[in-house]
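Counting along the sequence shown from 1, when you hit position 108 you're at 108 in full-length UniProt numbering, and nothing is skipped either side. Glycine included, each C-beta is placed from N, C-alpha and C at the ideal position.
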Amino acid sequence: MDWQALLLNDRVVASLVTALVGGGVVAAGWFWTHALSRRRDKLLRNERIDDIQRALLAEIRAHVVALERQSDAGGLEARPLISDEDYLPILPHDANDRIFRAIVEEVHMLPEWAIDPVVRYYRLLAVRAALAQDIRSNAKDYPRRAAEMFRDYVLLNEETLETGLDAMEILTASVKGGRREVEAALARRRREIEGDLTVAVNTRSSDPRGQ
């Protein structure tokens, strides 16, 4: 077979060119489709992450507002402690983690700066609920033990409030502007803490008693 003659044949050349062009078009189309698919998946993932953060923010905010009202009104601290008179304060049977429980399998999708404060807040909610149940079960037969547990419950409420405020601050910044906004919020918090420490040191230094 004369390969040179075959390669010079117009029909063969045209077929080769057509095949090369067609293959290139198919390959380009595959890469383009793949790129569009990845872009779409990324957009959908970002939208889902944003939805999760907004939902968690709303749930945390609702409970934090309730805790702030308790604090402003004297809250649980204003109630008598459990005593030998079998007094049992009313402890809420609240469910403040429904959204978190619904998306717990997707928590890993959250930005790394949001995972820690969110998990810490909901862990405190779980501890708080378990402690409330223990107080109820011990109040009748072991009132003194229940009284000590109730004091821990009050302190836990305060810690839950502070942790909730931290989580709200991070989630709000994350939804608003992502990493840059979160870093700016953390920087503001550091400056506030440093300022408070400076004021405390200066106040103590100006104390004529040196105390």
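- Excluding five sequence positions before and after residue 165, the CB atoms of its chain that fall closer than 7 Å to its own CB belong to 64, given in chain order.
- Straight-line measurement puts the Cα of residue 135 at about 9 Å from the Cα of residue 143.
- Within the model, the alpha-carbon separation for residue 112 versus residue 171 is close to 11 Å.
- If you draw a straight line from the Cα of residue 185 to the Cα of residue 169, it comes to about 8 Å.
- With fewer than 16 other Cβ atoms from the protein chains shown falling within 10 Å of its own Cβ, residue 33 counts as exposed.
- Cβ-Cβ distances below 8 Å link residue 106 to 48 and 52 in the same chain, with the five nearest sequence neighbours on each side left out; the list follows chain order.
- Residue 178 has its alpha-carbon roughly 15 Å from the corresponding atom of residue 43.
- By the neighbour-count criterion, in which a residue is buried when 16 or more other Cβ atoms sit within 10 angstroms of its Cβ, residue 46 is exposed.
- Residue burial annotation: residue 174 is buried, with at least 16 other C-beta atoms found within 10 angstroms of its C-beta.
- The beta carbon of residue 119 sits closer than 8 Å to those of 107, all from its chain and outside the five residues before and after it, given in chain order.
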